[in-house]
Amino acid sequence: MLSTIAYGLAIVLSLFCVLIGARFLLQPQASAAGYGVPVKPDEDPAYLTIKGLRDLSYGLLGLALIAFTSAEAVAWYMLIVAINPLGDTLIVLRHGRKAVAFGVHFATAVVVLLNAVLLFAL
Numbered sequence: 001m002l003s004t005i006a007y008g009l010a011i012v013l014s015l016f017c018v019l020i021g022a023r024f025l026l027q028p029q030a031s032a033a034g035y036g037v038p039v040k041p042d043e044d045p046a047y048l049t050i051k052g053l054r055d056l057s058y059g060l061l062g063l064a065l066i067a068f069t070s071a072e073a074v075a076w077y078m079l080i081v082a083i084n085p086l087g088d089t090l091i092v093l094r095h096g097r098k099a100v101a102f103g104v105h106f107a108t109a110v111v112v113l114l115n116a117v118l119l120f121a122l
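Residues in the sequence shown are numbered from 1 upward in steps of one, following the UniProt record's numbering.
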């Protein structure tokens with residue numbers, strides 16, 4: 001049962017990363033607003049593309065680790081990748097809305113860290 005929950009959560013988190021990355025690549029302006037730090041329409045979209053590619057690649061890497069490695073490897077991945085939503089929390093706190101910083105990014109970091117704990121417990 002624990003294995004199903006731990007791996008299921010890891011798959012869902014990785015798929016969310018893929019979807020968020022794809023959305024940043026396809027709809028950068030709307031994605032930036034959802035991220036919590038809207039950008040002006042005339043600003044250079046390169047940074048939004050970088051974020052999209054980063055999230056997409058992290059999600060795909062997570063799925064590959066789930067498919068081809070051990071629970072411990074996926075746990076270490078989740079522990080390390082939790083740096084991203086923690087950093088996003090600080091970025092949005094500095095430049096955006098506090099509700100999004102805590103309600104989206106910090107909450108995501110907590111879930112990712114919880115997933116790492118569950119995977120380490122296997």
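Here a beta-carbon is modelled for each residue, glycine too, at the ideal position from N, C-alpha and C.
ask   = Going by alpha carbons, who is nearest to LEU119 out of MET78, LEU60, LYS40?
value = MET78
inquiry  = Comparing C-alpha positions only, which one of ASN115, ASP55, LEU114 sits nearest to PHE16?
reply    = ASP55
key: Helix, strand or coil at GLN29 [DSSP, three-state]   = helix
request  = Leaving aside the five residues before and after MET113 along the sequence, list all residues of the same chain whose C-beta is less than 8 Å from its C-beta, in chain order.
outcome  = Just to set this straight, residue 113 is Leu in the shown sequence, not Met. MET78, LEU79, ALA82.
query = Three or more beta-carbon pairs under 8 Å between the region 104-113 and the region 81-95, yes or no?
reply = yes
key: Own chain partners of VAL37 with C-beta closer than 8 Å, once the 5 adjacent residues on each side are dropped   = ILE91, VAL92, HIS95, GLY96
key: Three-state class that DSSP yields for SER3 in the structure shown   = helix
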